[in-house]
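Numbering (the working numbering), first residue to last: 3 to 275.
Here it is, written out as structure tokens:
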């Protein structure tokens, strides 16, 4: 038998879908419950039902709730071995294409997209690459477009960059401005940030590389399979897919559609026509 809180959460996500079109119905239940209850507390609602009433009648309240539901937390060159594996195993193949499209799905506030832009620039690929970065959180996308990060994050970002095989000084890519670190304009202009939902939207574009890291862990199996199906359809023949360190294709409905390129780093390649 479901608890009252579980019932309220199911009603809330159904209401959010009907009112705003954002679909959290197939997110992993335990993670979703933790986030909703955290939002309820921090937003000062006496119950999830009370939170639902506020969200339904006030779009600004939904915008606040969305910040809790989408976990906009990341860092540049997170999991450095992943980027090192891209340089070693993926970049040599990408260099054989006259032009490239790269998709960062679930880009949050842009750290991963900018990391890939730097990597592509250092490998002389950025000039012939269209780099898309998508998310459902408009506030996160706005922050990503600005390309401004806290100065106290730069030391950690620099360590990650160096471990990821960076070939320059990381400080070359930003200047101190607006009370933070402003990324180079060339990097900011190289990325198209756009609204796209893995839960409800269709294929984004034909791409040679998709990076979707630490997103699928928040989905249930049904939604994971939907997202992986989108990635398979979006990738060009023999295109590459990168996942997060705790994510795998092994038990998915699309496991046979990909082959491992660097299994420890969760990098795969599309198989079939």
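From the three backbone atoms N, C-alpha and C, an ideal C-beta is built for every residue, glycine too.
Legend entry - Exposed unless 16 or more other CB atoms sit within 10 angstroms - verdict on residue 215: Classification for residue 215: buried.
Inset, instruction - Classify residue 38 as helix, strand or coil using the three-state DSSP reduction. - result: In the three-state reduction of the DSSP assignment, residue 38 falls in the helix class.
Inset, instruction - Using alpha carbons as the reference points, say which of 157, 258, 274, 213 lies closest to residue 137. - result: Taking the Cα of residue 137 as reference, the smallest distance to any Cα among 157, 258, 274, 213 is reached at 213.
Inset, instruction - Check whether the Cβ atoms of residue 50 and residue 211 lie closer than 8 Å to each other. - result: For the 8 Å CB-CB criterion, residue 50 and residue 211 do not form a contact.
Inset, instruction - Please work out which residues of its chain come closer than 8 Å, Cβ to Cβ, to residue 208, disregarding the five sequence neighbours upstream and downstream, and give them in chain order. - result: So the list reads 103, 236, 237, 238, once near-sequence residues are dropped.
Legend entry - N-terminal and C-terminal residue of the beta strand (DSSP E) that residue 224 is part of: DSSP places residue 224 in no beta strand (DSSP E) but in the uninterrupted alpha helix (DSSP H) bounded by 223-236.
Legend entry - Alpha carbon of residue 93 to alpha carbon of residue 33, nearest angstrom: Distance from the CA atom of residue 93 to the CA atom of residue 33, rounded to whole angstroms, is 35 Å.
Inset, instruction - Tell me whether the beta-carbon of residue 175 lies closer than 8 Å to the beta-carbon of residue 191. - result: With contacts defined by Cβ atoms closer than 8 Å, residue 175 and residue 191 do not form a contacting pair.
Inset, instruction - With DSSP as the reference, label residue 203 as helix, strand or coil. - result: Assigned with DSSP and collapsed to three states, residue 203 falls in coil, not helix or strand.
Legend entry - Sequence ranges, alpha helix (DSSP H) only - wholly within the segment 60-137, length at least 4: The segment 60-137 contains these whole alpha helix (DSSP H) runs: 61-71, 82-87, 93-96, 113-124.
Inset, instruction - Determine, using beta carbons only, whether residue 183 and residue 153 come nearer to each other than 8 Å. - result: A contact, by the Cβ cut-off of 8 Å.
Legend entry - Same chain, Cβ closer than 7 Å to residue 172, neighbours up to 5 away in sequence not counted: Here the set comprises 159, 160, 163.
Legend entry - Proximity test, residue 67 beta-carbon vs the ligand MN heavy atom, cut-off 7 Å: The model on display carries no ligand, and the ligand MN is accordingly not part of it.
Inset, instruction - For residue 2, collect the residues of the same chain with a Cβ closer than 6 Å to its Cβ; drop the 5 residues on either side in sequence, then sort them by chain order. - result: Summary: the structure shown does not reach residue 2, with the chain confined to residues 3 through 275, and so no result is reported for it.
Inset, instruction - Mind checking which residues open and close the beta strand (DSSP E) that includes residue 271? - result: Per DSSP, residue 271 is one residue of the beta strand (DSSP E) stretching across 269-272.
Inset, instruction - Would you identify the three-state DSSP class for residue 159, choosing helix, strand or coil? - result: Residue state, collapsed to three classes: helix.
Legend entry - Start-to-end residues for the beta strand (DSSP E) that takes in residue 197: Counting along the chain, the beta strand (DSSP E) containing residue 197 begins and ends at 193-197.
Legend entry - Integer-rounded CB distance, given that residue 260 should sit under 8 Å from residue 268: Your pair residue 268 and residue 260 does not check out as a contact, with CB atoms roughly 11 Å apart and the cut at 8 Å.
Inset, instruction - Using the Cα positions of residue 245 and residue 230, report the straight-line distance between them to the nearest angstrom. - result: Between residue 245 and residue 230, the C-alpha separation is close to 10 Å.
Inset, instruction - Check whether the Cβ atoms of residue 53 and residue 47 sit closer than 8 Å, and answer yes or no. - result: A contact, by the Cβ cut-off of 8 Å.
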